[in-house]
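J.: Residue numbers (UniProt numbering): 1 to 287. Sharing a structure here in structure tokens format.
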């Protein structure tokens, strides 16, 4: 179903969110010497490179230009053997669904044990305040099931797994080598800081807010100050900015602080070019 769902999002969500400054993805490029991203309309796929190993964080849409844009970064899709999945929505797993082109068919998927219940059909994903039930996702890759606070090692890369439910029941975020926190759809960055992610797409907004507060406490208790790298609104190294509005929801239908850098229609990716991808590191927000 990923191809159909991808096309639906490209058309319908472009109309729904146009001019609302909700999606603010990074263009394709490198954040620093270790982390790169590919832009697929409103969504970002991330790659973490250390030594001879590159791991992938989320798998985007079922998107025709993924291999092309990965080539801008010098990353061969067939070199990817490990993919961390924050959650199972189409814009995060499309490239590994059964109807995808199969660029990553030999990669192992790392996904939370609770999130995997969507994939087995034990639970169905609901959005738009539980009014709309999404089709079940089918993935045939080998899967490694993860648990809250679990620590795994992939070729010397240390990955800590934190369960942050709310957007989905089993949403995971990943702290890589103690420095990079890949947050998926838990945090949304507005011009004035981070909020709980888009309210209409959550399974449980109260739980999402509670989970964000717990995540902040975990990080501060350990004295961690990672780069916060989001699925749809860029990155920051400013923790106070990241959690500035953690008790509030991003709502597409409420007035928010104007962001002059937000695209009118983030599904128009004409400004995402190979030349820009190779022109320097991507800027963060909230500095």
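From the three backbone atoms N, C-alpha and C, an ideal C-beta is built for every residue, glycine too.
Have a look at residue 182 and residue 97 and give me their C-alpha separation to the nearest angstrom.
T.: So the two alpha carbons sit approximately 21 Å from each other.
J.: Whole angstroms are fine: how far does the CA of residue 274 sit from the CA of residue 170?
T.: Approximately 35 Å, taken between the alpha carbons.
J.: Report the option in 214, 277, 257 and 271 whose CA atom is closest to the CA atom of residue 246.
T.: Comparing Cα-Cα distances from residue 246 to each of 214, 277, 257 and 271, the minimum goes to 214.
J.: Work out the CA separation of residue 151 and residue 177 for me, nearest whole Å.
T.: One C-alpha to the other measures close to 11 Å.
J.: What is the residue span of the alpha helix (DSSP H) that residue 211 lies within?
T.: Where residue 211 is concerned, the enclosing alpha helix (DSSP H) stretches over 205-221.
J.: Counting pairs of Cβ atoms below 8 Å between the segment 239-255 and the segment 190-197, do you hit three or more?
T.: Yes, the segment 239-255 touches the segment 190-197.
J.: Within a Cβ cutoff of 8 Å, which residues of the same chain sit near residue 115, ignoring the five residues on either side of it in sequence?
T.: Here the set comprises 85, 87, 88, 168, 169, 170, 171 and 172.
J.: Taking the alpha carbon of residue 272 as the reference point, which residue from 24, 11, 217 and 4 has its own alpha carbon closest?
T.: Of the candidates 24, 11, 217 and 4, the one whose C-alpha sits nearest the C-alpha of residue 272 is 24.
J.: Report the three-state DSSP secondary structure of residue 53 (helix, strand or coil).
T.: Looking at residue 53 - three-state DSSP - the assignment turns out to be strand.
J.: If I measure Cβ to Cβ from residue 126 and keep anything under 8 Å in the same chain, skipping five residues before and after, which residues do I get?
T.: Answer for residue 126: 132, 133, 134 and 203, listed in chain order.
J.: Taking the beta strand (DSSP E) that residue 123 falls in, what are its first and last residues?
T.: Counting along the chain, residue 123 falls outside any beta strand (DSSP E), and DSSP gives it neither H nor E.
J.: What separation, rounded to the nearest whole angstrom, lies between the Cα atoms of residue 77 and residue 161?
T.: Cα to Cα, the separation comes out at about 24 Å.
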